[in-house]
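Converting from the sequence shown to my numbering requires adding 23 to each position, the first position being numbered 1. Working notes for the structure below.
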Amino acid sequence: MQNQGISPGLRARIALEKHGFSFTHSLGQNFILDDDFLEEIALESGVGEGEAVLEIGPGPGLLTHHLASHCRQVLALEIDRKLEPVLNEVLEGVNNAEIIFEDVMKCDLSVLLEERFPGENVQVVANLPYYITADVIERLLTCGANIGNITVMVQKEAAERIGAQLGNKNYCALAMLTQYYYDVEELMDVSPDRFSPPPHVMSRLIRLNRRMDGLRAKDEKLLLRLIRSAFRMRRKTLVNNLTGDFGVSREQAEKLLMSQNLDVRIRGEALSVKQITRLSDALGEMLQSRANA
24 MQNQGISPGL RARIALEKHG FSFTHSLGQN FILDDDFLEE IALESGVGEG EAVLEIGPGP
84 GLLTHHLASH CRQVLALEID RKLEPVLNEV LEGVNNAEII FEDVMKCDLS VLLEERFPGE
144 NVQVVANLPY YITADVIERL LTCGANIGNI TVMVQKEAAE RIGAQLGNKN YCALAMLTQY
204 YYDVEELMDV SPDRFSPPPH VMSRLIRLNR RMDGLRAKDE KLLLRLIRSA FRMRRKTLVN
264 NLTGDFGVSR EQAEKLLMSQ NLDVRIRGEA LSVKQITRLS DALGEMLQSR ANA
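Here it is in structure tokens:
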């Protein structure tokens with residue numbers, strides 16, 4: 024084996040140079056090529072022996088290599104076909120890693136993961152391109168796949184939004200949706216010099232730990248609509264958002280809020296995750312009752 028005895032990090036650097044790889048700014052490509060640091064990330068993710076891992080954006084496959092040493096199987100989604108020869112060399116001899124050249128925003132994650140890991144709880148690890156962080160996280164949350172914890176490297180500002188609590192100026196629809204499913208844990212801040220090429224911003228590694236408290240909406244699609252509605256026009260009251268987005272009268276919207284002991288003047292950003300979940304259930308009953316009338 025020609026790569027035997029060469030560290031994965033050196034293997035990646037050699038392969039990138041050998042194949043004349045050029046970073047594509049539009050794909051948000053910023054790679055980490057430090058073995059020790061990537062091993063730390065793999066350990067922080069908490070993935071364990073016997074588990075299946077979905078990696079999004081493996082780049083040259085260096086984190087993939089480290090994850091594979093800790094789990095049973097890694098399935099990695101990579102959008103850039105130019106990385107194929109690099110990945111082949113970096114992952115030579117790693118028999119429990121599979122690369123699929125797909126766009127995570129276009130493939131059906133629920134079908135893919137059920138095909139590869141039927142009935143399993145799949146852990147996710149990703150170094151996300153910053154320009155699609157929110158889109159990818161929302162897709163992971165709402166795709167219907169059996170996903171466990173999610174460990175992601177994101178822009179520090181994005182991490183602050185995702186983890187923002189009720190009352191914080193960064194509290195937003197993504198924070199509310201994420202925290203419906205997960206508790207947000209900040210693992211470490213990462214400086215630009217850890218990446219090649221260095222981004223112009225600080226990064227943060229966070230882990231989303233699946234909530235086990237049993238909080239669940241009766242209709243999660245309706246809950247997602249309600250969360251989006253609540254934050255769509257932040258300066259408007261929730262009553263106005265409900266009348267505009269769900270076709271209920273002002274009187275019905277006010278009655279709905281009062282049934283949940285909420286002030287009729289409340290704005291969506293003032294609701295906790297538990298409050299909006301209960302409100303979603305009550306809204307669903309109201310809409311169903313109206314449909315049956």
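Think of the CB as a built atom: it goes at the ideal place given N, C-alpha and C, for glycine as much as any other residue. Computed from a prediction, not measured in an experiment: that's the story for all the values here.
Whole angstroms is fine: what's the gap from residue i's alpha carbon to residue j's?
i	j	result
THR300	ASN169	21 Å
ARG239	GLN283	17 Å
VAL175	ARG313	42 Å
MET24	GLU112	Any answer about MET24 is weak, because its pLDDT of 41 lies below 50 and its placement is not dependable; what the coordinates show is given next. Each residue's alpha carbon lies about 11 Å from the other.
VAL147	CYS166	13 Å
MET309	HIS223	48 Å
LEU228	ASN172	13 Å
LYS297	TYR203	8 Å
ALA120	SER272	54 Å
LEU33	ASN118	20 Å
ALA149	ILE102	13 Å
GLY270	GLU243	19 Å
VAL213	VAL177	9 Å
ILE123	ASP216	29 Å
ASP236	GLY43	50 Å
MET256	ASP268	11 Å
ALA35	ASP59	14 Å
GLU14	GLU208	Shown here, the chain extends from 24 to 316; a query on residue 14 therefore has no answer.
PHE254	ALA196	6 Å
LEU245	SER303	7 Å
LEU85	GLY190	39 Å
MET199	GLU138	30 Å
PRO108	CYS130	22 Å
LEU164	GLU277	30 Å
VAL97	LEU114	11 Å
ARG104	GLY80	12 Å
LEU210	GLU274	46 Å
SER295	MET128	29 Å
PRO31	LEU135	28 Å
Run through DSSP, which three-state label would residue i get?
i	result
GLN298	helix
PHE254	helix
VAL147	strand
GLN96	strand
THR156	helix
PHE54	strand
MET24	Confidence at MET24 is low in this model, with a pLDDT of 41, below 50, so the placement of that residue should be treated as unreliable; the coordinate-derived value is given next. Here MET24 sits in coil by DSSP.
TYR194	coil
ASP212	strand
LEU66	helix
GLU72	coil
TYR78	The question names Tyr, yet the displayed sequence has Glu at residue 78. GLU78 falls in the strand class under three-state DSSP.
LEU45	Position check: residue 45 holds Ser in this sequence, whereas Leu was assumed. Of the three classes helix, strand and coil, the one that applies to SER45 here is coil, per DSSP.
SER303	helix
SER30	coil
ASN169	coil
ARG288	coil
GLU115	coil
ASP126	coil
PHE140	coil
THR87	helix
Identify every residue that forms a DSSP beta bridge with residue i.
i	result
PHE269	Looking at the DSSP assignment, PHE269 forms no beta bridge with any residue, so it has no partner.
THR174	VAL148, ARG230
MET199	Beta-bridge pairing links MET199 to no other residue.
ILE121	It should be pointed out that residue 121 corresponds to Glu in this sequence rather than to Ile. Beta-bridge pairing links GLU121 to LEU98.
ASP206	ASN232
SER6	Since the first and last residues shown for the chain are 24 and 316, residue 6 lies out of range.
* Would you say the region 149-162 touches the region 44-56, given that touching needs at least three Cβ pairs under 8 Å? -> Enough Cβ pairs lie closer than 8 Å, so yes.
* To do: Evaluate contact between the region 63-76 and the region 85-97, counting only Cβ atoms and requiring at least three cross-stretch pairs below 8 Å.
  => Short answer: they touch.
* At least three beta-carbon pairs within less than 8 Å, the region 250-264 to the region 275-295 -> Of all C-beta pairs linking the region 250-264 to the region 275-295, three or more are shorter than 8 Å, placing the two stretches in contact.
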